[in-house]
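Asker:
2 protein chains.
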Amino acid sequence: MRLRNIELFHAVLTTGSITAAAKLLNISQPAASKALQHAEDNLGFALFSRVGGRLQPTQQALLLRDRIEKIIQDIHDLQRLTTNMGQPNSCPLRVTCTPTLALTLLPAATVLLRKSFPNVTAELSTQHSAEMCESLTLRENDIGLTLQDTGHQTLRQRELCRGQVMVIAPPGSWQGAELTQSFPVGALASQTMIGITVRDALGSMLQSHLSKVEPAPKIAVSVQTYQLARSLVANGEGFALVDPFTARGGDAKSVQMRPLKPHLDVVLYAMHRPDSPLNPVQKRFLDIIRQLAQRMLAQR
Amino acid sequence: MRLRNIELFHAVLTTGSITAAAKLLNISQPAASKALQHAEDNLGFALFSRVGGRLQPTQQALLLRDRIEKIIQDIHDLQRLTTNMGQPNSCPLRVTCTPTLALTLLPAATVLLRKSFPNVTAELSTQHSAEMCESLTLRENDIGLTLQDTGHQTLRQRELCRGQVMVIAPPGSWQGAELTQSFPVGALASQTMIGITVRDALGSMLQSHLSKVEPAPKIAVSVQTYQLARSLVANGEGFALVDPFTARGGDAKSVQMRPLKPHLDVVLYAMHRPDSPLNPVQKRFLDIIRQLAQRMLAQR
DNA sequence: CACGTGGCATAACTCAGGGTTGTGGGACGC
DNA sequence: GCGTCCCACAACCCTGAGTTATGCCACGTG
Numbered sequence: 184m185r186l187r188n189i190e191l192f193h194a195v196l197t198t199g200s201i202t203a204a205a206k207l208l209n210i211s212q213p214a215a216s217k218a219l220q221h222a223e224d225n226l227g228f229a230l231f232s233r234v235g236g237r238l239q240p241t242q243q244a245l246l247l248r249d250r251i252e253k254i255i256q257d258i259h260d261l262q263r264l265t266t267n268m269g270q271p272n273s274c275p276l277r278v279t280c281t282p283t284l285a286l287t288l289l290p291a292a293t294v295l296l297r298k299s300f301p302n303v304t305a306e307l308s309t310q311h312s313a314e315m316c317e318s319l320t321l322r323e324n325d326i327g328l329t330l331q332d333t334g335h336q337t338l339r340q341r342e343l344c345r346g347q348v349m350v351i352a353p354p355g356s357w358q359g360a361e362l363t364q365s366f367p368v369g370a371l372a373s374q375t376m377i378g379i380t381v382r383d384a385l386g387s388m389l390q391s392h393l394s395k396v397e398p399a400p401k402i403a404v405s406v407q408t409y410q411l412a413r414s415l416v417a418n419g420e421g422f423a424l425v426d427p428f429t430a431r432g433g434d435a436k437s438v439q440m441r442p443l444k445p446h447l448d449v450v451l452y453a454m455h456r457p458d459s460p461l462n463p464v465q466k467r468f469l470d471i472i473r474q475l476a477q478r479m480l481a482q483r
Numbered sequence: 184m185r186l187r188n189i190e191l192f193h194a195v196l197t198t199g200s201i202t203a204a205a206k207l208l209n210i211s212q213p214a215a216s217k218a219l220q221h222a223e224d225n226l227g228f229a230l231f232s233r234v235g236g237r238l239q240p241t242q243q244a245l246l247l248r249d250r251i252e253k254i255i256q257d258i259h260d261l262q263r264l265t266t267n268m269g270q271p272n273s274c275p276l277r278v279t280c281t282p283t284l285a286l287t288l289l290p291a292a293t294v295l296l297r298k299s300f301p302n303v304t305a306e307l308s309t310q311h312s313a314e315m316c317e318s319l320t321l322r323e324n325d326i327g328l329t330l331q332d333t334g335h336q337t338l339r340q341r342e343l344c345r346g347q348v349m350v351i352a353p354p355g356s357w358q359g360a361e362l363t364q365s366f367p368v369g370a371l372a373s374q375t376m377i378g379i380t381v382r383d384a385l386g387s388m389l390q391s392h393l394s395k396v397e398p399a400p401k402i403a404v405s406v407q408t409y410q411l412a413r414s415l416v417a418n419g420e421g422f423a424l425v426d427p428f429t430a431r432g433g434d435a436k437s438v439q440m441r442p443l444k445p446h447l448d449v450v451l452y453a454m455h456r457p458d459s460p461l462n463p464v465q466k467r468f469l470d471i472i473r474q475l476a477q478r479m480l481a482q483r
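Read top to bottom, the protein sequences are chains A and B.
In short: position in the first sequence from 1, add 183, done, that's this note's numbering.
In short: position in the second sequence from 1, add 183, done, that's this note's numbering.
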């Protein structure tokens with residue numbers, strides 16, 4: 184079974200027809216047809232039963248499916264890695280961050296960086312933590328920013344700064360002295376809230392805290408990204424628990440915020456590969472991020 | 184990077200020279216040389232630096248190494264699987280068992296089976312538990328016999344019978360009524376014993392039991408298979424803790440045995456793939472194994 | 001130093017396999 | 001009955017992986 188056959192088999196399996204698979208691989212339909220037969224000849228058993236001019240995977244084909252997909256995935260990853268190793272440091276700063284940080288820290292930091300290095304080019308992207316790790320090891324990006332401790336063993340993960348989980352509320356919810364104090368978690372009882380269903384460490388921490396409140400808060404809308412929660416809060420849909428960066432992101436007047444009590448720490452991490460030391464641009468960038476984050480978290 | 188290139192790269196990496204790699208892949212040296220250059224051209228960076236007419240892997244090559252090896256392994260496994268799927272049920276009974284059971288249960292059971300099915304052919308082999316699981320899923324074998332609970336999620340593992348951990352000793356160590364009683368674990372204190380360094384569940388259980396005995400038994404010789412322990416005991420090297428099958432295997436007079444007290448259960452499992460139901464021969468074989476094992480464990 | 005040796009690269013050639021276009025035929029919907 | 005969709009077959013083409021023959025370089029050795 185040559186690699187080409189494996190790819191073809193996979194393509195046919197996913198698309199369901201030889202014609203579509205051929206289109207996917209950019210070859211002609213007869214080529215695909217012939218190759219598939221060739222593969223079956225080599226294997227000694229049929230991968231698809233031709234019934235009524237259509238293809239139907241055999242029992243054996245389904246048994247091979249998982250293995251094949253894994254190999255395809257690995258090969259694909261290898262390609263990604265090698266292509267990225269081909270152009271070493273084509274771009275001095277390739278950063279990826281979680282969606283949470285995309286609208287607050289990242290753009291501001293990039294603008295500041297370009298004041299120090301006017302000619303520098305940068306590539307920015309957003310990814311969730313799991314993809315972030317993949318992307319870093321495959322050298323598609325050099326720096327990752329996240330609020331989650333991934334526990335990745337080969338990637339370096341260093342703490343940049345820490346803040347607290349915040350309660351955000353529609354404008355006018357709190358007044359005067361209230362605004363300068365922490366918000367006791369018990370006061371969330373029976374409150375209308377936006378649910379957080381993010382599957383990372385912070386998300387599950389927030390969920391477990393909410394579930395302990397008695398009587399339970401009323402949750403009508405649940406969201407998967409903190410930004411959405413903030414928008415909903417700004418529109419008066421209720422309170423929400425969010426990370427301190429989302430709380431301060433966007434228009435300052437659109438929501439009110441107070442730290443949750445008891446304090447729940449949120450840590451901003453930078454991740455990078457351990458092998459290649461950071462270049463000056465990248466170091467400066469992380470400096471800027473740290474300063475920016477600290478300043479942002481200091482202000483109310 | 185074509186699969187052929189990956190194989191070649193791997194071969195060069197392991198053998199250390201193009202010539203040797205070419206021999207390994209059964210191609211000529213120039214073919215390998217050209218292919219490697221081709222690969223490097225495609226990749227855009229060098230995999231090996233030619234220094235003094237010899238090859239030396241570059242930094243990048245080492246980064247790719249693990250990934251490449253994994254892919255090679257997976258492809259190889261796939262080949263194994265497909266070749267075994269090609270000849271479905273060429274042999275009605277392909278059994279693999281741990282070395283522990285190889286000399287006691289398996290031969291006897293096979294002989295008995297061939298009295299019921301004189302024309303049947305069988306393939307027997309021994310493997311450790313991890314390889315056993317691999318071999319079963321890759322369809323190189325249909326039935327596996329082991330004393331360990333592998334916790335494998337896709338393979339069926341069913342209990343055939345259970346016995347107890349036995350203490351074996353050189354002939355003449357015990358006399359009269361002693362021989363019919365259990366052997367209290369405390370009596371192992373300061374005794375000369377054969378150490379067991381098997382890394383499976385049973386092995387670590389035995390080790391932890393031995394380590395609790397005060398004062399510690401004297402362990403001069405450690406072995407990785409129970410058979411070896413039995414041979415050493417038979418030669419008067421000391422006592423040993425072994426599974427009940429090893430205890431009863433071989434010449435009955437060569438060692439004495441008594442169950443350990445407190446009892447430590449040892450379970451005989453049969454493993455097979457869940458998809459293909461067992462054929463009559465295989466069912467009969469498992470019946471014979473069970474009967475044989477129970478009879479063996481009943482006798483002293 | 002001259003020489004043999006071991007290892008890689010180059011050159012010229014062969015050939016099979018993977019690709020193409022063109023065509024035919026069966027199953028299905030209308 | 002006809003158009004459509006999809007697969008298989010045929011004839012042809014051409015790239016690329018393989019071959020043998022040979023040269024070059026570095027190194028060890030008498």
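Even glycine gets a Cβ: it sits at the ideal position worked out from N, Cα and C.
Which residues, taken in chain order from the stretch 261-279 of chain A, show a beta carbon closer than 9 Å to some beta carbon of chain B?
Answerer: Those would be Leu261, Gln262, Leu264, Thr265, Thr266, Met268, Gly269, Gln270, Pro271, in chain order.
Asker: Is Val404 (chain B) near Val438 (chain B), with beta carbons less than 9 Å apart?
Answerer: Not closer than 9 Å, so no.
Asker: Give the residues from the stretch 226-240 of chain B that approach chain A closer than 9 Å (Cβ to any Cβ), ordered along the chain.
Answerer: If the cut-off is 9 Å between Cβ atoms, the stretch 226-240 of chain B has Leu226, Gly227, Phe228 near chain A.
Asker: Beta carbons nearer than 8 Å to chain B: which residues of the stretch 329-358 of chain A have them?
Answerer: Result list empty, no residue passes.
Asker: From the DSSP output, in three-state form, read off Gly235 (chain B) for me.
Answerer: Gly235 (chain B) falls in the coil class under three-state DSSP.
Asker: Residues of the stretch 184-208 of chain A with a CB closer than 9 Å to any CB of chain B: list them in chain order, please.
Answerer: Within the stretch 184-208 of chain A, the residues whose Cβ lies closer than 9 Å to some Cβ of chain B are Met184, Arg185, Leu186, Arg187, Ile189, listed in chain order.
Asker: Pick out the complete beta strand (DSSP E) segments inside the stretch 379-423 of chain A, 3 residues or longer, and give them in chain order.
Answerer: For the stretch 379-423 of chain A, whole beta strand (DSSP E) runs of length 3 or above, ordered along the chain, are 401-406.
Asker: I want to know whether the stretch 436-452 of chain A touches the stretch 413-427 of chain A - three or more CB-CB distances under 8 Å.
Answerer: These segments touch.
Asker: Which class does Val449 (chain B) belong to by DSSP, given the choice of helix, strand or coil?
Answerer: Residue state, collapsed to three classes: strand.
Asker: Just mark Ala360 (chain B) as buried or exposed, buried being the case when its beta carbon has 16 or more other beta carbons within 10 Å.
Answerer: So Ala360 (chain B) counts as exposed.
Asker: Can you tell me the Cα-Cα spacing of Thr197 (chain B) and Thr333 (chain A), whole angstroms?
Answerer: Distance between the alpha carbons of Thr197 (chain B) and Thr333 (chain A) is about 33 Å.
Asker: Under 8 Å: do the stretch 388-396 of chain A and the stretch 359-376 of chain A share three or more Cβ pairs, one atom per stretch?
Answerer: With a cut-off of 8 Å, the stretch 359-376 of chain A and the stretch 388-396 of chain A count as touching, because enough Cβ pairs lie within range.
Asker: In whole angstroms, what separates the C-alpha of Leu152 (chain A) from that of Ala218 (chain A)?
Answerer: Because chain A here runs from 184 to 483, residue 152 (chain A) falls outside it and cannot be looked at.
Asker: Going along chain B, which residues have a C-beta under 9 Å from Asp257 (chain A)?
Answerer: Those are Arg250, Lys253, Ile254, Asp257, listed as they occur along chain B.
Asker: In this structure, does DSSP put Ser299 (chain A) in helix, strand or coil?
Answerer: The answer is helix: DSSP assigns Ser299 (chain A) an H, G or I state.
Asker: For Arg250 (chain B), which option in A:Gln262, A:Thr429, A:Gln242 has the closest C-alpha, if you only look at C-alpha atoms?
Answerer: For Arg250 (chain B), the nearest C-alpha among the options comes from A:Gln262.
Asker: Any idea if Glu190 (chain B) is buried or exposed, counting beta-carbon neighbours within 10 angstroms, 16 or more meaning buried?
Answerer: Classification of Glu190 (chain B): buried, given that the 10 Å Cβ count is 16 or more.
Asker: Kindly say whether Gln243 (chain B), judged by its beta-carbon, lies nearer than 9 Å to any beta-carbon of chain A.
Answerer: True, the Cβ-Cβ gap to chain A drops below 9 Å.
Asker: With 16 other CB atoms within 10 Å as the buried threshold, where does Asn160 (chain A) fall?
Answerer: The displayed coordinates of chain A run from 184 to 483. Any statement about residue 160 (chain A) would go beyond what the structure contains.
Asker: So the alpha helix (DSSP H) Gln242 (chain B) belongs to, where does it begin and stop?
Answerer: Unbroken alpha helix (DSSP H) run through Gln242 (chain B): 242-269.
Asker: Roughly how many angstroms lie between the CA atoms of His193 (chain A) and Lys401 (chain B), to the nearest whole one?
Answerer: His193 (chain A) and Lys401 (chain B): Cα-Cα distance of roughly 59 Å.
Asker: If you draw a straight line from the C-alpha of Met349 (chain B) to the C-alpha of Leu389 (chain B), how long is it?
Answerer: Approximately 11 Å between the Cα atoms of the pair.
Asker: In terms of residue numbering, what span does the beta strand (DSSP E) encompassing Cys316 (chain B) cover?
Answerer: Where Cys316 (chain B) is concerned, there is no enclosing beta strand (DSSP E), although the alpha helix (DSSP H) it sits in stretches over 312-320.
Asker: Quick one: grab the DSSP three-state call for Leu186 (chain B).
Answerer: Three-state result, Leu186 (chain B): helix.
Asker: Contact defined as beta carbons within less than 8 Å: I believe Leu319 (chain A) pairs with Leu338 (chain A). What is the distance between those atoms, to the nearest angstrom?
Answerer: 6 Å between Cβ atoms; contact.
Asker: When you compare the CB of Leu246 (chain B) with every CB in chain A, is at least one pair closer than 9 Å?
Answerer: Chain A contact via Cβ: present.
Asker: Could you check which residue in A:Met479, A:Phe468, A:Ala476 has the C-alpha nearest to that of Arg297 (chain A)?
Answerer: For Arg297 (chain A), the nearest C-alpha among the options comes from A:Phe468.
Asker: Considering only their Cβ atoms, is the gap separating Pro353 (chain A) from Gly432 (chain A) smaller than 9 Å?
Answerer: No; because the gap between Cβ atoms is not below 9 Å, this pair is not in contact.
Asker: With 9 Å as the threshold, decide whether the Cβ of Asp150 (chain A) is near any Cβ in chain B.
Answerer: Since the first and last residues shown for chain A are 184 and 483, residue 150 (chain A) lies out of range.
Asker: From Thr287 (chain A) to Phe428 (chain A), what distance separates their C-alpha atoms?
Answerer: Straight-line Cα distance between these residues: approximately 7 Å.
Asker: So, at 7 Å on beta carbons, what are the nonlocal neighbours of Met268 (chain A) in its own chain, with the 5 sequence-adjacent residues on each side left out?
Answerer: Result list for Met268 (chain A): Arg322, in chain order.
Asker: Just list the residues that DSSP pairs Ala352 (chain A) with in beta bridges.
Answerer: A:Gln439.
Asker: Would DSSP call Ser308 (chain B) helix, strand or coil?
Answerer: The answer is strand: DSSP assigns Ser308 (chain B) an E or B state.
Asker: Taking DSSP as the reference, what is the three-state secondary structure of Thr279 (chain A)?
Answerer: In this structure, Thr279 (chain A) counts as strand in the three-state DSSP scheme.
Asker: Should Leu245 (chain B) go down as buried or exposed, given a rule of 16 or more other Cβ atoms within 10 Å for buried?
Answerer: The residue in question, Leu245 (chain B), is exposed, as its Cβ has fewer than 16 Cβ neighbours within 10 Å.
Asker: For Leu330 (chain B) and Thr283 (chain B), which I take to be in contact (beta-carbon distance under 8 Å), what is that distance rounded to the nearest angstrom?
Answerer: That pair is a contact at about 6 Å.
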